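Final position of the sequence shown in the numbering used here is 468; the numbers increase by one with none missing.
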Amino acid sequence: MELVKKYLSDHAERNVEELKDLLRIPSISADSNYISSVQEAAEFVCKQLAESGCDAEIVETAGHPIVFGSWTKKPGAPTVLVYGHYDVQPPDPLDEWVTPPFEPDVRDGNIYARGATDDKGQMYTHIKSVQGWLQTVGELPVNVKFIIEGEEEVGSDNLDKFIEANKEKCACDVAVVSDTSQYAPGMPAITYGLRGIMCCEVNLHGPNQDLHSGVFGGSIANPVNALAMLIGKLIDTEGRIQIPNFYDGVLPLTEEERTAFANLPFEESEYLGNLGVSATFGEEGFTTLERRWARPTCDVNGIVGGYTGEGPKTIVPAKATAKISCRLVPNQQESNVVQNLESFLRENCPPGLKLEFKHWHGCPAVVCDMNSPYMQAAKVAIEKGFGTAPVMIREGGSIPVVGTFKELLDVDTLLLGWGQNTDNLHSPNEKFSLEAFQQGTLSSAWLWNELGV
Ligand code: BES
Ligand code: MN
Numbered sequence: 016m017e018l019v020k021k022y023l024s025d026h027a028e029r030n031v032e033e034l035k036d037l038l039r040i041p042s043i044s045a046d047s048n049y050i051s052s053v054q055e056a057a058e059f060v061c062k063q064l065a066e067s068g069c070d071a072e073i074v075e076t077a078g079h080p081i082v083f084g085s086w087t088k089k090p091g092a093p094t095v096l097v098y099g100h101y102d103v104q105p106p107d108p109l110d111e112w113v114t115p116p117f118e119p120d121v122r123d124g125n126i127y128a129r130g131a132t133d134d135k136g137q138m139y140t141h142i143k144s145v146q147g148w149l150q151t152v153g154e155l156p157v158n159v160k161f162i163i164e165g166e167e168e169v170g171s172d173n174l175d176k177f178i179e180a181n182k183e184k185c186a187c188d189v190a191v192v193s194d195t196s197q198y199a200p201g202m203p204a205i206t207y208g209l210r211g212i213m214c215c216e217v218n219l220h221g222p223n224q225d226l227h228s229g230v231f232g233g234s235i236a237n238p239v240n241a242l243a244m245l246i247g248k249l250i251d252t253e254g255r256i257q258i259p260n261f262y263d264g265v266l267p268l269t270e271e272e273r274t275a276f277a278n279l280p281f282e283e284s285e286y287l288g289n290l291g292v293s294a295t296f297g298e299e300g301f302t303t304l305e306r307r308w309a310r311p312t313c314d315v316n317g318i319v320g321g322y323t324g325e326g327p328k329t330i331v332p333a334k335a336t337a338k339i340s341c342r343l344v345p346n347q348q349e350s351n352v353v354q355n356l357e358s359f360l361r362e363n364c365p366p367g368l369k370l371e372f373k374h375w376h377g378c379p380a381v382v383c384d385m386n387s388p389y390m391q392a393a394k395v396a397i398e399k400g401f402g403t404a405p406v407m408i409r410e411g412g413s414i415p416v417v418g419t420f421k422e423l424l425d426v427d428t429l430l431l432g433w434g435q436n437t438d439n440l441h442s443p444n445e446k447f448s449l450e451a452f453q454q455g456t457l458s459s460a461w462l463w464n465e466l467g468v
């Protein structure tokens, strides 16, 4: 490890420069105007994997490409599958960025750019740690495979198909993903559970065009009123979701877990202060961490309809749209939630409107074994890389492939997040701490050592 450590510190600056090059590529998977940039990012990652000493190839899919890499020259040693994503969320609203989202800028120890933490910067630590080993020691203590995809932010549908069709190629003993957060600055964490997700869209169509609300208003259903009414029925005043059978099978938290959550330092006033909100709201009877990590949700992500320009305009709009997502917890069936939501909306929709329902994507929640030898190795590696032992946490966000790894490859995932939840992921001014970039890379290098033979 001494050689590896020296290599990584000698190349620290180069690694940051290379990360900047990757961050300059606007690989926005959701926006079809950026298809060629997404491709370019895949090629960049593929080249980096090859330069690190791995075999690397680009696998085309029906959507954005997957980069597959491997170094498997250590017979008898465990095989680790590293997953990450090179695609990013759209950068909007653009005018809230201090520096442009695809012109990485280093300020007060952070690198600012879309994808800095989610997930280019975090993913990159594993490529660099492997390079550290292969360019000094000449081999790794473990076998590694890399799957770096370009569709995580849009649901990973094609990745699931790739894994299904390539189980042998993807076979491993454990997966490693750095696409989550530390618990707090100075408090690295291992995430042992993620919520799942159900993502959909509802369109309500009323009259064939916008109408005068004086002439026609009151005689037919207004799609925007109706949509607001439907959305209003989704959650009651105590934060309970009203979709029929929504809580069926939901695994309750154990007392042990509730105690563990309660023992983590958490200042509600600070939490709210950071968010600019004056009070919490959520399901009665649960703490904020419980609500965020282990209880299901239903959120409207966006709503559009009618006239929203300057000044008044009196119309009955022709159409209204809402994008809705539910976060899911263990034992909730995504397909049931989709069906129940759709029929709930249809049953409650006022007459005369046409309701169109589109299911975008979804994935189940996961909880991993906290006491596996892999977890132990990860704890040691993080303590060595960060100088502090990690805390065990769950996370409210979703990483679809983690459920797929469990289902198709029968492996647990080590979710080793180097970022912070205050890194503005999915928001303007996304950032990643350069120190966390180094510490993460070092922890990754130690992880190969701890997992290896
Ligand atoms: N990296 C995030 C998930 C995450 C966020 C984990 C914060 C821990 C802390 C991931 O890229 C993400 O945003 N996933 C989407 C998945 C969805 C589009 C299927 C999510 O959670 O919304
Ligand atoms: Mn991510």
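Every residue gets a Cβ at the ideal spot worked out from N, C-alpha and C, and that includes glycine.
Keep in mind that this is a model prediction, so the values were computed, not measured.
- It is roughly 6 Å from the alpha-carbon of Trp433 to the alpha-carbon of Gly455.
- Beta-carbon to beta-carbon, Leu368 and Gly221 are separated by about 5 Å, close enough to satisfy the 8 Å threshold.
- Following the DSSP letters along the chain, one finds Val353 inside the alpha helix (DSSP H) bounded by residues Glu349 to Asn363.
- In this structure, the straight-line span from the alpha carbon of Val152 to that of Asp70 is close to 17 Å.
- Only residues of its own chain outside the window of five on either side were considered, and among them Thr336 have a CB closer than 6 Å to the CB of Val319, listed in chain order.
- For Ser85, the uninterrupted beta strand (DSSP E) segment begins and ends at Ile81 to Trp86.
- For Trp375, the enclosing beta strand (DSSP E) starts and ends at Lys369 to Cys378.
- Where His141 is concerned, the enclosing alpha helix (DSSP H) starts and stops at Gln137 to Thr151.
- Relative to the non-hydrogen atoms of the ligand MN, the Cβ of His79 never comes closer than 8 Å to any of them.
- Under the three-state reduction of DSSP output, Leu279 falls in the coil class, being neither helix nor strand.
- Following the DSSP letters along the chain, one finds Arg409 in no alpha helix (DSSP H) but inside the beta strand (DSSP E) bounded by residues Val406 to Glu410.
- Not one heavy atom of the ligand BES falls within 8 Å of the beta-carbon of Pro280.
- In this structure the segment 30–48 lies against the segment 114–127, because at least three pairs of beta carbons, one per stretch, are closer than 8 Å.
- In the three-state reduction of the DSSP assignment, Ile40 falls in the coil class.
- Exposure of Lys328 is indicated by the presence of fewer than 16 other C-beta atoms within 10 angstroms of its C-beta.
- Using a C-beta cut-off of 8 Å, the segment 87–100 makes contact with the segment 147–167, since at least three inter-stretch Cβ pairs fall below that distance.
- Residue nearest to Trp463 within the set Pro80, Ile414 and Leu149 is Leu149 (criterion: CA-CA distance).
- Residue ranges of uninterrupted beta strand (DSSP E) with 3 or more members are absent from the segment 231–256; none lies entirely inside it.
- The segment 387–404 and the segment 196–207 touch, with three or more beta-carbon pairs separated by less than 8 Å.
- For Tyr207, the number of other beta carbons within 10 angstroms of its own is at least 16, and it is reported as buried.
- For Phe177, there is no enclosing beta strand (DSSP E); the enclosing alpha helix (DSSP H) covers residues Asp172 to Ala180.
- Collapsing the DSSP output to three states places Phe117 in coil.
- Under the three-state reduction of DSSP, Arg306 is assigned to helix.
- Its Cα nearest to that of Val60, the residue Lys135 stands out among Lys135, Ser44 and Glu357.
- Taking each of Lys143, Asp107, Gly326 and Asn181 in turn and checking the Cα distance to Arg29, the smallest one comes out for Lys143.
- Contact between Gly170 and His374 is ruled out by a C-beta separation of about 10 Å, above the 8 Å threshold.
- Per DSSP, Asn436 is not a residue of any alpha helix (DSSP H), being assigned neither H nor E.
- With a 10 Å radius around the Cβ and a threshold of 16 neighbouring Cβ atoms, Tyr22 comes out buried.
- Counting C-beta atoms within 10 angstroms of its own C-beta, Pro415 has 16 or more neighbours from the protein chains shown and is therefore classed as buried.
- Leu430 has its Cβ no nearer than 8 Å to any heavy atom of the ligand MN.
- DSSP places Gly418 in the uninterrupted alpha helix (DSSP H) bounded by Pro415 to Thr419.
- Assigned with DSSP and collapsed to three states, Lys35 falls in helix.
- At a Cβ-Cβ threshold of 9 Å, Thr132 and Glu445 count as neighbours.
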